[in-house]
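Number 315 in UniProt numbering belongs to position 315 of the sequence shown; there are no gaps in the numbering.
The C-beta atom is built at its ideal place from N, Cα and C for all residues, glycine as well.
First comes the structure, then the notes that go with it.
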Amino acid sequence: MAVTPRLTWLEEKRLQILLGNASLSLLYKESAHGCSIQKMVQRCSQQGPTITMLYLQKSIVGALTLDHIPKIVDDSEKQCASIFFIFQKDSLTVMSTLFLNLLKVTSDYLEFYSSDKLNFWIYPKKRVFRKPDFSVIKFSTDIQYLECEVFRVEGIKNDLGCIKKMMTATQHKNKLLADLRIYKPHADLVSKIRILLLGPVGSGKSSFFNSVKSVFHGHTTRQAPVGSDNTSITEQYRIYPVKDGKDGQYLPFMLCDSMGLDETDDEGLCVDDIPYILKGCVPDRYQFNPFNPITPKHPTFITSPSLKDRIHCVAYVLDINSVKSLSSGMVAKLKQIHEEVLKCGVAHVALLTKVNDCDEVLQENFLNMTKKMTSWNQVMLINQMLGIPLSNILMVRNYASEQELDPMKDVLILSALRQMLRAANDFLEDLPLEEIDESS
């Protein structure tokens with residue numbers, strides 16, 4: 001008869017993503033297979049990487065082991081690379097992590113520990129465990145657990161540093177999500193920030209919206225149609241709100257998607273449309289026409305837009321791999337648009353997409369870009385071309401054909417969004433008093 005794990009389907013999916021989309025197979029369940037180290041070792045030894053899960057009332061404690069659990073119970077210590085961590089139950093938010101490199105299997109307990117004597121051990125006969133002290137959760141005595149399960153982990157990288165970085169990325173992603181959920185525009189002048197995505201055909205404008213929505217929904221989405229590198233699918237002006245999950249509340253920002261720019265005047269978004277977009281005169285689903293920009297005579301033209309209708313931040317979306325090969329015509333058009341943006345006083349950032357290696361973009365603390373990355377030359381080129389401060393030149397790798405989310409990508413996407421909202425706040429804070437009064 002098949003044994004059902006206590007780990008829920010949703011918790012398992014989140015754990016798989018945390019482990020780099022590895023797959024899990026239940027090897028041992030204490031309540032089904034017996035409360036003894038011998039029973040555990042009998043079922044779990046020589047199985048390759050495993051993860052031991054202890055279930056508490058409000059959290060799950062785990063130990064990921066990349067080496068084989070020894071087959072013989074002999075009280076001797078063995079080199080065994082492991083990561084100890086604590087999850088918040090249901091959300092599987094990682095609350096703390098610790099490297100451990102030694103393993104001892106005795107007749108009574110399983111002990112993971114490090115050379116500096118930090119240890120984590122499991123005592124099945126009494127259903128208790130002990131862990132090192134952490135500032136997040138402190139267990140000063142042995143703790144009773146409800147269930148112990150061990151899973152075989154397949155398809156995982158044999159690199160503890162990589163796994164720890166993935167876990168750290170997940171922790172940082174959750175912090176970014178929490179910050180963005182409580183974000184409020186400056187002085188409540190508007191309820192939602194409007195971010196305009198501008199850039200050449202195929203640069204990733206629509207994909208960025210899809211990626212932002214994917215992160216907040218917890219799975220990849222494809223609401224906005226996406227074209228190829230040479231063909232623009234977006235022909236309408238779209239104002240996309242984003243919900244915090246399928247049934248959640250609307251978040252305090254909207255992403256405004258536009259037709260792609262072309263180096264010629266008879267293709268792509270017409271430059272004459274841009275001032276009206278910035279001022280909030282263009283309605284959602286307006287059909288772009290490269291030859292006929294919108295005018296005040298258009299039946300859907302918004303004649304008296306308020307502050308909430310205006311664009312609060314412009315993101316120039318550029319393929320990082322094509323920055324050096326932008327034609328003189330495209331560079332001239334971007335500079336012309338930027339002059340209009342500056343004239344309107346709108347906040348602006350550059351969003352470099354299609355980053356090849358998310359790992360090298362951010363420093364270990366996930367807070368800043370590192371100058372050691374191979375794409376630093378492209379960053380400097382945009383800085384010189386448009387005069388955008390380095391702190392406002394952001395990098396992402398959008399979701400394209402992927403089926404599952406990647407914490408490293410999510411951190412870049414959410415970090416970019418947070419910086420756009422900060423720039424928008426600067427714009428609102430710098431508004432003349434008369435414009436604030438008019439919006440009240």
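Item                                                                                                                                                                                       : Value
When you compare the CB of P290 with every CB in chain D, is at least one pair closer than 7 angstroms?                                                                                    : Absent here is chain D; the protein component of the structure consists of one chain.
Express the C-alpha separation of L54 and Q16 in angstroms, rounding to a whole number.                                                                                                    : 17 angstroms
Can you list, in chain order, the residues of its chain with a C-beta nearer than 7 angstroms to that of I413? Leave out the 5 residues immediately preceding and following it.            : S211, V212, V215 and V396
Give me, in chain order, the residues of the same chain whose beta-carbon lies closer than 8 angstroms to that of G329; leave out the 5 immediate sequence neighbours on both sides.       : E263 and T264
According to DSSP, is M254 part of a helix, a strand, or is it coil?                                                                                                                       : strand
Should R127 and Y145 be called a contact, given that it needs their Cβ atoms to be closer than 7 angstroms?                                                                                : yes
Rounding to the nearest angstrom, what Cα-Cα distance links L352 and H312 in this structure?                                                                                               : 19 angstroms
Since R181 contacts D244 with CB under 8 angstroms, what's their CB separation in whole angstroms?                                                                                         : 6 angstroms
Go ahead and label H219 buried or exposed: buried means 16 or more other beta carbons lie within 10 angstroms of its beta carbon, across all protein chains shown.                         : exposed
Going by the DSSP bridge assignment, what does A347 pair with across the sheet?                                                                                                            : C313
Once the 5 residues before and after L196 are set aside, which same chain residues still bring their CB inside 6 angstroms of it?                                                          : C256, I311 and V314
Tell me whether T65 is buried or exposed, calling it buried when 16 or more other Cβ atoms sit within 10 Å of its Cβ.                                                                      : buried
Can you check whether the CB of L103 is closer than 7 angstroms to the CB of K78?                                                                                                          : yes
With a floor of 3 residues, list each beta strand (DSSP E) that falls wholly inside the UniProt domain "TLDc" (1-154), ordered by position along the chain.                                : 23-29, 50-55, 59-65, 77-88, 93-105, 110-113, 119-123, 128-130 and 147-154
Taking 7 angstroms as the cut-off, decide whether the C-beta atoms of N398 and V349 are in contact.                                                                                        : no
Do F120 and K192 have their C-beta atoms closer together than 7 angstroms?                                                                                                                 : no
In angstroms, rounded to a whole number, what distance separates the CA positions of E154 and S31?                                                                                         : 24 angstroms
Could you pull the start and end residues of the alpha helix (DSSP H) that Y276 belongs to?                                                                                                : I274 to K279
Which runs of the beta strand (DSSP E), 3 residues or longer, sit entirely within the stretch 199-239?                                                                                     : none
List the DSSP bridge partners of T353.                                                                                                                                                     : D319
Who pairs with K243 in a beta bridge, going by DSSP?                                                                                                                                       : Y250
Roughly how many angstroms lie between the CA atoms of V41 and S107, to the nearest whole one?                                                                                             : 10 angstroms
Might you give, ordered along the chain, the residues of its own chain that have their beta carbon closer than 8 angstroms to the beta carbon of E235, omitting 5 neighbours on each side? : M259, Q287 and F288
Tell me whether the beta-carbon of C358 lies closer than 7 angstroms to the beta-carbon of M408.                                                                                           : yes
Quick check on this structure: which residue in I436, I86 and G48 has the alpha carbon closest to the alpha carbon of H68?                                                                 : G48
On the CB-based measure, 16 or more other CB atoms within 10 Å of its CB, does E404 come out buried or exposed?                                                                            : exposed
Following the continuous alpha helix (DSSP H) through L177, name the residue where it begins and the one where it ends.                                                                    : L160 to R181
Name the DSSP bridge partner or partners of S286?                                                                                                                                          : The amino acid occupying residue 286 in the given sequence is Tyr; Ser does not appear at that position. DSSP, once it has assigned bridges, lists Y237 as partnering Y286.
So, are the CB atoms of T300 and P275 less than 7 angstroms apart?                                                                                                                         : no
Tell me which residues share the same chain as P5 and place their Cβ nearer than 7 angstroms to its Cβ, disregarding the 5 neighbours each side in the sequence.                           : L26, K29 and E149
Under the DSSP definition of a beta bridge, which residues are partnered with L394?                                                                                                        : L351
List the DSSP bridge partners of L196.                                                                                                                                                     : C256 and V314
Since V410 is in the alpha helix (DSSP H), which residue starts that stretch and which ends it?                                                                                            : Here residue 410 is Asp; the residue named in the question, Val, does not match the sequence. Taken as a continuous stretch (DSSP letters only), the alpha helix (DSSP H) holding D410 covers P407 to E429.
For A178, is the classification buried or exposed, using 16 other Cβ atoms within 10 angstroms of its Cβ as the cut-off for buried?                                                        : exposed
Excluding the 5 residues flanking D159 on each side, which residues of the same chain have their C-beta closer than 7 angstroms to its C-beta?                                             : none
Buried or exposed for L433, please, with buried defined as at least 16 other CB atoms from any protein chain shown within 10 angstroms of its CB.                                          : exposed
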